[in-house]
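Here's the structure we're looking at; comments come further down.
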Amino acid sequence: MDVICCPLDKATLELDADEADDEEVLAGTLTCTECGETYPIEDGIPNLLPPDMREEAAA
Amino acid sequence: MSGDGSGAGDGLAARRGADDAVVYQPAEDSGLLAEAAVAEAHGRVLEVGTGSGWVAERVAEERGLDVVGSDLNPHAARQARERGVEAVVADLLSPFRADAFDTVCFNPPYLPTDPDNEWDDWMEHALSGGESGRELIEPFLADVGRALAPDGVVLLLVSSLTGYDEVLGLVDEAGFAAEPVVEESFPFETLTVLALRRA
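For the record, the sequence lines run as chains A and B. The numbering used here applies: residue 24 is where the first sequence begins, and numbers increase by one. The numbering used here applies: residue 116 is where the second sequence begins, and numbers increase by one.
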């Protein structure tokens, strides 16, 4: 998805794919090229909440 | 759509049942937003607060457009994905690039809620707009111009309970002009979908 960026500083995210099918990444990590913060991709869904909200929103 | 590949069948069914209980399901407001979005959407589309993903799915199917659905609630993102919508977990517009979308749709949590009566679960997040009813609308309008392409359109659902004139004031402050697309009255509220374009 080329529409997303780091929620903290809007910098580019670099994708590390752990698991993918023909169409998309199912599991992996997005890392901000500026601040180094990481965002998980689980079941094909990137979690792009800032770190402080991510913990609060843990389901 | 073929999102059922992972995990045992039983686990998936149980998870889906659990998701239903904590994800806002399509209602009258969703229907109105879908009607307006199908009529007005163009280009690349984002639905903020997509919930079950139903509105995003309507736009994708009836207009053949690329639609991304985002929600704070991971259960909602999962339901949207099961409908075939590209889903992300996000706080409003924060992880979207400048000029990324031609159309942004939002049916915000808008019920004015007494802080003493907030019940703090996913359904509250889906319904409550804080004391004013505009606690999510304000930051949304303040940031949507960044993520919206120059000739983009925002489709925002507004309830009379949230304060129509107050929302129009926020729209004006954000540099947009508003035009009602659809409107419907119900016993306790009037719902309007506004199309916002740069003034």
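Backbone N, C-alpha and C define an ideal beta-carbon position, used for all residues, glycine too. All of these numbers come straight from a predicted model, not from anything done at the bench.
Note that the C-beta distance between B/Tyr225 and B/Arg261 is not below 9 Å. By the Cβ test, the segment 195 to 209 of chain B is not in contact with the segment 237 to 247 of chain B, since fewer than three Cβ pairs between them sit closer than 8 Å. Per DSSP, reduced to three states, the secondary structure at B/Glu298 is strand. Out of B/Phe303, B/Ala133 and B/Ser167, the CA that lies nearest to the CA of B/Pro141 is found in B/Ser167. Check the Cα spacing between B/Asp134 and each of B/Val297, B/Pro189, B/Arg159 and B/Ile252: the tightest is with B/Pro189. Residues of chain A with a Cβ closer than 7 Å to the Cβ of B/Ala215 are, in chain order, Val26.
Identification of residues in the segment 193 to 204 of chain B having a C-beta nearer than 8 Å to some C-beta of chain A yields Arg193, Arg196, Glu201, Ala202, Val203 and Val204, given in sequence order. DSSP places B/Phe221 in no alpha helix (DSSP H) but in the uninterrupted beta strand (DSSP E) bounded by Phe216 to Phe221. Secondary structure remark: continuous alpha helix (DSSP H) runs of at least 4 residues inside the segment 187 to 274 of chain B, in chain order: 189 to 197, 237 to 242 and 252 to 262. With the rule of 3 Cβ pairs closer than 8 Å, the segment 208 to 222 of chain B counts as touching the segment 263 to 280 of chain B. Taking 8 Å as the upper bound for CB-CB distance, A/Asn70 and B/Val183 are not in contact here, some 14 Å apart. Listed in chain order, the non-local C-beta contacts of B/Arg178 below 7 Å within the same chain comprise Val153 and Ala156, local neighbours out to five positions each way being set aside. Non-local beta-carbon contacts of B/Glu281 in its own chain, meaning distances under 7 Å to residues more than five positions away in sequence, involve Arg249 in chain order. Under the Cβ criterion of 9 Å, B/Asp135 is not counted among the residues facing chain A.
Annotated three-state conformation of A/Gly51 is strand, per DSSP.
Look at A/Cys29: its C-beta is under 9 Å from a C-beta on chain B. Inter-residue distance for B/Ser275 and B/Trp234 is about 23 Å (C-alpha atoms, whole angstroms).
Distances from the alpha-carbon of B/Glu162 to those of B/Ser300, B/Asp287, B/Glu201 and B/Asp229 put B/Glu201 closest. Within chain B, the residues whose beta carbon sits less than 7 Å from that of A/Gly67 are Arg196, listed in sequence order.
The Cβ-Cβ distance between B/His240 and B/Leu187 falls below 9 Å. Taking B/Ala149 as reference, the option from B/Trp237, B/Phe291, B/Ala171 and B/Ala314 with the minimal CA-CA separation is B/Ala171. For A/Cys58, the number of other beta carbons within 10 angstroms of its own is below 16, and it is reported as exposed. Contact residues of the segment 243 to 257 of chain B toward chain A are absent (C-beta to C-beta distance below 8 Å). In the DSSP assignment, A/Glu60 falls outside any beta strand (DSSP E), carrying neither H nor E.
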